Amino acid sequence: MDDITALIMEDHHAFRVGFARLDDAQGEAELRAIWEPLALHLEIHADAEEKILYPHLLTDSGGEDAEEETDDAIRDHNKIRDGIVAAAGHPIGSDEWWAGVWAARTENSEHLAEEEDEVLPDFRKHASMELRIELGARWLRFFAEHPRGKGLDFHNKDPKKYIEDHEQ
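full-length UniProt numbering numbers the first residue of the sequence shown as 1 and each following residue consecutively.
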């Protein structure tokens, strides 16, 4: 029985390790082998959070800062996606590619810190363990139902519209 907050934290660890592996990679083949799965995982993870975690955060499961935290998260996800898109437009290993990767990495690091220090603790305080486990099961199914992002549309979202669409 996996709690969604633990599953999210596992992904966060994988992101940190993936970016650290890029630091040690030698040549285009190694960079590609590390970056492409990492970038895809970042995209799928953001989509999963937007479909599973944040709608519940906006209910009584998020506390008084839920709307602000959700707005920040959607904006962060957009900036991470922008970095991924920027990198994709350039040859792997080029200065321009690294600039896109660095933008994604920087935004991701900030996002992880905010989520781990604010969002997830608030969610743990306000959501029942039963809900956290139910969402954990949904999280695992989401990844199983979308191998390699199949069927997902990775696009930026308007934070205000997202909040309006998901508030109850």
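Ideal Cβ positions, reconstructed from N, Cα and C, are used throughout, including at glycine.
Please read all numbers here as calculations on a predicted model, not as lab measurements.
State the Cα-Cα distance for the pair residue i and residue j, rounded to the nearest angstrom.
i    : j    : result
R141 : A48  : 10 Å
E68  : I44  : 22 Å
W97  : G83  : 9 Å
H41  : E114 : 19 Å
H166 : Q26  : 44 Å
R124 : I92  : 40 Å
K150 : A66  : 30 Å
I34  : L131 : 34 Å
T59  : G100 : 35 Å
E145 : R138 : 10 Å
Kindly indicate the opening and closing residues of the alpha helix (DSSP H) around residue i.
i    : result
I163 : P159 to H166
Decide if residue i is buried, meaning its Cβ has at least 16 other Cβ atoms within 10 Å, or exposed.
i    : result
A104 : buried
E36  : exposed
P147 : exposed
D3   : buried
With DSSP collapsed to three states, give me the class of residue i.
i    : result
M129 : helix
A25  : coil
E64  : coil
Compute the distance between the beta-carbons of residue i and residue j, then report whether it is under 9 Å.
i   : j    : result
R81 : F154 : yes
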